[in-house]
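Undergrad: Here it is: the structure, laid out below.
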Amino acid sequence: YESWTIPFVNLLMLPLGLVGAVTAVTLRVLPNDIYLQIGLLTTIGLSTKNAILIIQFIKAQLHEGKELVEATLTAVKIRLRPVIMTSLAFFFGTLPLALTKGAGAAAQNAIGTAVTGGLLSATFIDLIFIPFFFVLVSRLFGRKKYLREGA
322 YESWTIPFVN LLMLPLGLVG AVTAVTLRVL PNDIYLQIGL LTTIGLSTKN AILIIQFIKA
382 QLHEGKELVE ATLTAVKIRL RPVIMTSLAF FFGTLPLALT KGAGAAAQNA IGTAVTGGLL
442 SATFIDLIFI PFFFVLVSRL FGRKKYLREG A
């Protein structure tokens, strides 16, 4: 990433990605077992993927010479639809896991519920907080770098 700003923003997003997963699992009263923990790890990975996609677009906008806030808003507008589409596709793909019945359903329910709830909330939370955290962290720590690069 060539700076500590971007990984730091990604780390700030990790707990926010788990809010929906923990809420969904709590509402369904599922036990905290290995399957649930796999679902939580998957949710973290998908939430981080969304953050990386948006942050890379922000960096591209900054390298084109836009101001920090303008670059951030432009990147979010451009990446809004692709992020929502991929997240909803994954959501509907894991929904049968969360709702399945029968043999082996407990494991599938735990993974499916964690991923479905986590991804649904993480998608919308990420779209709000990634730009906020990126601008905040860039202004606090990364301002000199962006000024040197001419962005």
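Numbering (the numbering used here), first residue to last: 322 to 472.
Backbone N, C-alpha and C define an ideal beta-carbon position, used for all residues, glycine too.
1. Under the rule that 16 or more other beta-carbon atoms within 10 Å means buried, what is Arg-402, buried or exposed?
2. Give the DSSP-derived three-state secondary structure of Ile-449 in the structure shown.
3. Arg-349 by DSSP, collapsed to three states: which one?
4. Excluding the 5 residues flanking Ala-396 on each side, which residues of the same chain have their C-beta closer than 7 Å to its C-beta?
5. Could you spell out where the alpha helix (DSSP H) holding Ala-424 opens and where it closes?
6. Whole-angstrom Cβ separation of Met-334 and Ser-368, contact assumed at under 8 Å?
7. Whose CA, out of Leu-461, Leu-332, Val-456 and Leu-440, lies closest to the CA of Glu-391?
8. Output the distance between the C-alpha atoms of Thr-347 and Val-340, rounded to the nearest integer angstrom.
9. Find the nearest neighbour of Ala-410 within the set Ile-365, Leu-441 and Lys-398, judged by alpha-carbon distance.
10. Is Gly-338 helix, strand or coil by DSSP?
11. Using the three-state DSSP reduction, which class does Gly-386 fall into: helix, strand or coil?
TA: Inspection of the coordinates gives the following:
1. exposed
2. helix
3. coil
4. Ile-375, Phe-378, Ile-379 and Gln-382
5. Careful: Ala-424 lies outside any alpha helix (DSSP H) and carries neither H nor E.
6. 6 Å
7. Val-456
8. 11 Å
9. Leu-441
10. helix
11. coil
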